[in-house]
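J.:
Numbering (my numbering), first residue to last: 58 to 152.
What follows is the structure in structure tokens.
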């Protein structure tokens, strides 16, 4: 039986999510729910950040960055935002 990961949010990431349009927010939440069963997706790994992965909404240009914490069986969402000038990745690195 596969272990399902819980989801925790950095307070700043949750605030960023709440600012998004409802349809974009819903798309992220659905994708995150899918990742709970298998959060380590090799194609979405962030090479500059250990144990971190992204969920991308290509059409909208938004990214969600999360870190997998196997010891606690948790996906910790670090940042949500536009991909422009890598700002979402810079925010995630600082958290």
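Every residue gets a Cβ at the ideal spot worked out from N, C-alpha and C, and that includes glycine.
1) Among residues of its own chain, excluding the 5 on either side of residue 102, which ones have a beta-carbon nearer than 7 Å to its beta-carbon?
2) Residue 73: buried (16+ other C-beta within 10 angstroms of its C-beta) or exposed?
3) Assuming residue 125 is part of the beta strand (DSSP E), what are its boundary residues?
4) If you draw a straight line from the C-alpha of residue 89 to the C-alpha of residue 112, how long is it?
5) Determine the closest residue to residue 124 out of 71, 137, 107, with distance taken between C-alpha atoms.
6) Classify residue 60 as helix, strand or coil using the three-state DSSP reduction.
7) Using a threshold of 6 Å, is the CB atom of residue 123 nearer than that to any non-hydrogen atom of the ligand HEM?
8) So, is residue 130 buried or exposed, given that buried needs 16 or more other C-beta atoms within 10 angstroms?
T.: So, from the listed chains and residues:
1) As a working note, residue 102 is residue 45 in the chain shown. Hits under 7 Å: 110.
2) The count along the chain shown starts at 1 and reaches residue 73 at position 16. When all chains shown are included, residue 73 counts as buried.
3) The count along the chain shown starts at 1 and reaches residue 125 at position 68. Here the beta strand (DSSP E) through residue 125 covers 119-126.
4) Numbered from 1 along the chain shown, position 32 holds the residue referred to as residue 89. Numbered from 1 along the chain shown, position 55 holds the residue referred to as residue 112. Roughly 8 Å separates the two Cα atoms.
5) Looking up residue 124 in the chain shown gives position 67. Measuring from the Cα of residue 124, the nearest candidate turns out to be 107.
6) What you label residue 60 is simply residue 3 of the chain shown in a count that begins at 1. Residue 60: coil per DSSP, three-state reduction.
7) For the ligand HEM, the structure offers nothing, since it holds no ligand at all.
8) Residue mapping note: residue 130 aligns to position 73 of the chain shown, counting from 1. Exposed, because fewer than 16 other Cβ atoms sit within 10 Å of the Cβ of residue 130.
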